[in-house]
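Undergrad:
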Amino acid sequence: MRFEDQETLTLVNAFEEALSQGKEPYFDVEDLELILDYYLDTGSFEQTKTALEVAQNIHPLAFTFKIKEVQLDIAMKDFTRAEAKLNHLEGLNMRSTELLIARATILMHRGATKKGLQLLDEALENAEDPIEVLQMIADTYLSQGDYPRAINTLVQWCRMEDEELDEGALYQLAMCLDFTNEYDRAIALFQSFTEREPYNALLWYQLGAFYLRLNNEAKAMEMFQWAVTADDSFHAGHFEMGRIYERNEEYINALTSYKQSVNEELPSGYVHFRIGMLEAELGSLNEALRQFDQAIALEPDMDDVHLERASVYVELEQYAEAIKDYKKVWLEEAYGSEDVLDFVECLIELDHLDEAITILYDAVDRFPDVLQFRLVLAGYLFATDDIVSAKAVLDDLHLNRDELRTLFAEYFPDLLEIPIVAAILAELK
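So the number in this note's numbering is just where the residue sits in the sequence shown, counting from 1, plus 472.
Here's what the structure looks like:
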C-alpha cells in the first residue's frame, strides 16, 4: 500500500484526533483495515494495538481483525504467540490468503523455507491481490541468493496487466539481471515494458544502465536521453549523461548534465564534487571551490573532495587553506603517492620545512618504491645542513652515480653548486 495516499492519511488523522479528544470513533471495517495497515507498515506497534482494540470493540465478529492480531505478533517477532493464534483460527476451520501468508512467514523464520514457499504458492493461487504474495516470494528467493527464481517471480509481477509497474519491483528485477549478467534478456524485458509505459523514465534509465554493461555507450546515451525526455526531473538520468560526456571530454555538456542532476530533495555531495572537478578543469577555480565546499558540507568524509579542493587552493596560492585539507586527509591516511609532493610544496611555500621533512619520511616508509620521495627528502635535508641524514637517504637509493646525479639535478639544480653536496654525490656507490 502506498501511504502517501491522501485518503489513508486522512483516515489516520481523523482516527488519532478522535482518540485525542476522548471520543469513541466509528469507522467501518475497510477503513479500520487501512488504518491498521498503515500502523503495521510504519512499525507503529503501540498504535496498532490501540487501533485493534477499537476495531474489535466496534466490529467484534470481523475475522479480518483476528488476522491483524497475528500480523502484529509476527511484526513484533513474537512467533510463538502468533502460531498459537493461527492454530486456534485454523482449528475453527477458518481459511484465508492472509492466514496462509502468516503461516508461511513463521515457517520461513524457523528455517522451513521450502514449506513456506509452498504455502505462498497456494496463497498466490487464491489471492485477490497477488502483489503482496509475489513480493514475499521474490524477497525469499533474494534472501537465498536464488536470483533466477527471483527474476521469474518479479517478471510475473511486472507483467500483471491490471497494475502499474512497481518501481521497487523494477529495481529488484534490474538488480537480479545484473547479478546474473543477463543483459540481453534485461534489455528485451525492459524494452517490452516501455511499450506498455512509454513515459516511465525509470525503464529508459535501466535500459541505459544495461547498455553501459555491454559497453555500448552510444546506445546508453540514447536511453538516458529518453529517460530525461519522459521526465526532465529524473536526476539519475542527467547524472549518467554527465558521466558519459565527461568520459568523452565533452566538459561543457557534462557540466550542464551534472547541474541538471542536482536534486534539492535528496542532495548528493558527489554530484557537487563532479561539478567542481569540471569547473576546475574549465578554469573556473572559484566556482570549483564553491562546489567543493557544498560537497563537503553534505558529505564531510569525502577525502577525494578535500584533496581536489587542496589542489585548487594551491593553484590560487592559498597554501594555508590547502594545508588544512591535506592535514585532514593525512590524519585519515586516505592519500596516495601522487598527493605527497603537492602537500610538501604547500609546506615549503610557507617555510614549514621541518614538517615537510616529516611528511617525506612518512612517504618513504609508506611508498618505498617511489624513488623521487627519497631524492626530495635528501635535498631538503641538505637544505637544513643535516648532511649525515641526507647521505643515509641517498645511500638507500642504490642508483649508479650518473643516474643519481641526473635525477637529483632535476629537483635541486642549485644544490649541485654546493661543494659538499657535489662531493657526496660523487662518492656514492
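A virtual CB, placed ideally from N, CA and C, is assigned to each residue, including glycine.
Looking at A576: is its Cβ nearer than 8 Å to the Cβ of A556?
TA: If you number the sequence shown from 1, residue 576 lands on position 104. If you number the sequence shown from 1, residue 556 lands on position 84. Cβ distance not < 8 Å, so A576 and A556 don't count as in contact.
Undergrad: Below 8 Å on the Cβ atoms is my guess for V801 versus L779; work out the distance and round it to an integer in Å.
TA: Position 329 of the sequence shown holds residue 801. Position 307 of the sequence shown holds residue 779. About 6 Å; that satisfies the 8 Å criterion.
Undergrad: For E555, which of helix, strand or coil comes out of DSSP?
TA: Here the question's residue 555 lines up with position 83 in the sequence shown. Here E555 sits in helix by DSSP.
Undergrad: In three-state terms, what does DSSP make of S861?
TA: Counted from its first residue, the sequence shown places residue 861 at position 389. Helix.
Undergrad: For D428 and A622, I'd like the C-alpha separation in whole angstroms.
TA: Outside the shown range of the chain, which is 473 to 901, sits residue 428, and nothing can be said about it.
Undergrad: With A792 and L822 assumed to form a contact (beta carbons below 8 Å), what rounded beta-carbon distance in angstroms separates them?
TA: As a first step, residue 792 must be located in the sequence shown, where it is residue number 320. As a first step, residue 822 must be located in the sequence shown, where it is residue number 350. With 8 Å as the limit, A792 and L822 qualify as a contact, their Cβ atoms being about 7 Å apart.
Undergrad: Give the list of continuous beta strand (DSSP E) stretches no shorter than 3 residues that lie fully inside the region 636 to 718.
TA: none
Undergrad: With DSSP run on the structure shown, which of helix, strand or coil describes P620?
TA: Position 148 of the sequence shown, counting from 1, holds the residue named residue 620. P620: helix per DSSP, three-state reduction.
Undergrad: Please state whether DSSP places S492 in a helix, a strand or coil.
TA: Here residue 492 refers to the residue found at position 20 when the sequence shown is read from its first residue. The answer is helix: DSSP assigns S492 an H, G or I state.
Undergrad: Give me the Cα-Cα distance between A862 and A850, rounded to the nearest whole angstrom.
TA: Numbered from 1 along the sequence shown, position 390 holds the residue referred to as residue 862. Numbered from 1 along the sequence shown, position 378 holds the residue referred to as residue 850. Answer to the nearest angstrom: the Cα atoms are 4 Å apart.
Undergrad: Determine the contact status of L847 and Y883, defining contact as a CB-CB distance below 8 Å.
TA: Within the sequence shown, the letter at position 375 stands for residue 847. Within the sequence shown, the letter at position 411 stands for residue 883. Going by C-beta atoms, L847 is nearer than 8 Å to Y883.
Undergrad: Might you give, ordered along the chain, the residues of its own chain that have their beta carbon closer than 7 Å to the beta carbon of E827, omitting 5 neighbours on each side?
TA: Walking along the sequence shown from the start, residue 827 turns up at place 355. Excluding positions up to five away in sequence, the list reads L819.
Undergrad: Can you tell me whether V860 is buried or exposed, with buried defined as 16 or more other CB within 10 angstroms of its CB?
TA: What you label residue 860 is simply residue 388 of the sequence shown in a count that begins at 1. Exposed.
Undergrad: In angstroms, rounded to a whole number, what distance separates the CA positions of Y613 and Y723?
TA: Here residue 613 corresponds to residue number 141 of the sequence shown, with the count starting at 1. Here residue 723 corresponds to residue number 251 of the sequence shown, with the count starting at 1. Cα to Cα, Y613 sits roughly 43 Å from Y723.
Undergrad: Does DSSP put K549 in a helix, in a strand, or in coil?
TA: Within the sequence shown, the letter at position 77 stands for residue 549. Correct three-state label for K549: coil.
Undergrad: Going straight from the alpha carbon of T482 to that of V605, what length do you get?
TA: Translated into the one-based positions of the sequence shown, residue 482 becomes position 10. Translated into the one-based positions of the sequence shown, residue 605 becomes position 133. C-alpha separation (whole angstroms): 27 Å.
Undergrad: Any idea what DSSP makes of F884, helix, strand or coil?
TA: Position 412 of the sequence shown, counting from 1, holds the residue named residue 884. The answer is coil: DSSP assigns F884 none of H, G, I, E or B.
Undergrad: Using 10 angstroms around the beta-carbon of I890, count the other beta-carbons present and answer buried if the total reaches 16, otherwise exposed.
TA: Within the sequence shown, the letter at position 418 stands for residue 890. I890 comes out exposed.
Undergrad: Do you know offhand how far N598's Cα is from F499's?
TA: The residue given as residue 598 occupies position 126 in the sequence shown. The residue given as residue 499 occupies position 27 in the sequence shown. N598 and F499: Cα-Cα distance of roughly 28 Å.
Undergrad: Nearest-angstrom Cα distance between Q844 and L788?
TA: Looking up residue 844 in the sequence shown gives position 372. Looking up residue 788 in the sequence shown gives position 316. For Q844 and L788, the distance between alpha carbons rounds to 25 Å.
Undergrad: With distances taken between CB atoms, is the gap from L879 to L866 smaller than 8 Å?
TA: Along the sequence shown, one-based indexing puts residue 879 at 407. Along the sequence shown, one-based indexing puts residue 866 at 394. Not a contact, by the Cβ cut-off of 8 Å.
Undergrad: Does Y498 come out as helix, strand or coil in the three-state DSSP assignment?
TA: Sequence index remark: in the sequence shown, residue 498 carries index 26 (1-based). Coil, per DSSP.
Undergrad: Thinking C-beta only, is V786 closer than 8 Å to E817?
TA: As a position in the sequence shown, residue 817 is number 345, starting the count at 1. As a position in the sequence shown, residue 786 is number 314, starting the count at 1. Contact flag set, yes.
Undergrad: Does H560 pass the burial test, meaning 16 or more other C-beta atoms within 10 Å, or should it be called exposed?
TA: Translated into positions along the sequence shown, residue 560 becomes position 88. An exposed status is given to H560, since fewer than 16 other beta-carbon atoms sit within 10 Å of its beta-carbon.
Undergrad: Please list, in chain order, all residues of the same chain as F665 whose beta carbon is under 8 Å from its beta carbon, the five residues on each side excluded.
TA: Locating residue 665 in the sequence shown gives position 193, counting from the first residue. Once the five neighbours on either side are set aside, the close Cβ partners of F665 are C630, L637, L642, N672 and L675.
Undergrad: Which value, in whole angstroms, describes the spacing of the CA atoms of L813 and D775?
TA: Within the sequence shown, the letter at position 341 stands for residue 813. Within the sequence shown, the letter at position 303 stands for residue 775. Taking the straight line from one Cα to the other gives about 17 Å.
Undergrad: Can you tell me whether DSSP reads S783 as helix, strand or coil?
TA: Here the question's residue 783 lines up with position 311 in the sequence shown. Note: S783 maps to helix in three-state DSSP.
Undergrad: Taking the alpha helix (DSSP H) that V801 falls in, what are its first and last residues?
TA: For the purposes of this step, residue 801 is identified with residue 329 of the sequence shown, where counting begins at 1. It spans Y791 to L803 - the alpha helix (DSSP H) in which V801 sits, taken as one unbroken run.
Undergrad: Hey, how far is the Cα of F535 from the Cα of I546?
TA: The residue you call residue 535 lines up with position 63 of the sequence shown. The residue you call residue 546 lines up with position 74 of the sequence shown. Each residue's Cα considered, the two are about 17 Å apart.
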